[in-house]
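Asker: Residue numbers (our numbering): 4 to 165. The C-beta atom is built at its ideal place from N, Cα and C for all residues, glycine as well. Take a look at this one; I'll ask things after.
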């Protein structure tokens, strides 16, 4: 885990996609709330995804919908983005304010032990996904993802900002 990582939102395509998503969510939710997880398999590897609409590698996660609990959202996102099933209760690590995306966005970050039920094939949302050793992460991991991993492993103190 070296280097600063790449910006999470850069380039016209990803800026436009994030802007549109958040405008849509603003109409549906008063405040946006998301979940994201550091998902570890039995071998201690971390699961990451590369989306089709923004650059870089991320930890899986997504928004909490109306009438959905945070844990339901977490379970849904892990299933959708990686065919992952939690093998133990998730551990809430920290709550972040994500002002870079929206002035109303908060993210709950969990540490989760998982098992993959089947390989996750690429589709319109996920270009690639997989498990990686912490000392052998893929190229182009986002800077926020690297910060979360460093915080989780005790290399940095948790920040309140995503």
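Taking the alpha-carbon positions, what's the residue 60 to residue 13 distance?
Answerer: To locate residue 60, count along the chain shown from 1; it is residue 57. To locate residue 13, count along the chain shown from 1; it is residue 10. Residue 60 and residue 13: Cα-Cα distance of roughly 13 angstroms.
Asker: Under the DSSP definition of a beta bridge, which residues are partnered with residue 17?
Answerer: For the purposes of this step, residue 17 is taken as residue 14 along the chain shown, with counting starting at 1. Partner(s): none; residue 17 has no beta bridge.
Asker: Pop quiz: residue 147 and residue 116 are said to be a contact at Cβ under 8 angstroms. What is the actual Cβ separation, rounded to whole angstroms?
Answerer: In the chain shown, the residue the question calls residue 147 occupies position 144. In the chain shown, the residue the question calls residue 116 occupies position 113. In fact, because the Cβ distance is near 22 angstroms, the residues do not count as touching under 8 angstroms.
Asker: What are the start and end residues of the beta strand (DSSP E) that includes residue 35?
Answerer: Your numbering for residue 35 matches position 32 in the chain shown. Element bounds for residue 35: 35 to 43.
Asker: At the level of alpha carbons, what is the spacing between residue 170 and residue 48?
Answerer: Since the displayed the chain opens at 4 and closes at 165, residue 170 lies outside it and no answer follows.
Asker: When you compare each of 112, 86 and 85 to residue 94 by their alpha carbons, which one comes out closest?
Answerer: Sequence index remark: in the chain shown, residue 94 carries index 91 (1-based). The candidate whose alpha carbon is nearest that of residue 94 is 112.
Asker: Over what stretch of residues does the beta strand (DSSP E) that includes residue 84 continue unbroken?
Answerer: The residue labelled residue 84 in the question sits at position 81 within the chain shown. Looking at the DSSP string, residue 84 is not in any beta strand (DSSP E); the run it does join, the alpha helix (DSSP H), is 73 to 85.
Asker: Can you find the residues in the same chain that come closer than 7 angstroms, C-beta to C-beta, to residue 161, ignoring five residues on each side of it along the sequence?
Answerer: Here residue 161 is taken as the residue at index 158 of the chain shown, counted from 1. So the qualifying residues of the chain are 97 and 154.
Asker: Does the count of Cβ pairs from the segment 35 to 46 and the segment 73 to 84 closer than 8 angstroms reach three?
Answerer: As far as the Cβ criterion goes, the segment 35 to 46 touches the segment 73 to 84, which means the pair count is three or higher.
Asker: DSSP state of residue 132, grouped into three classes?
Answerer: Position 129 of the chain shown, counted from the start, is the residue given in the question as residue 132. It is a strand residue.
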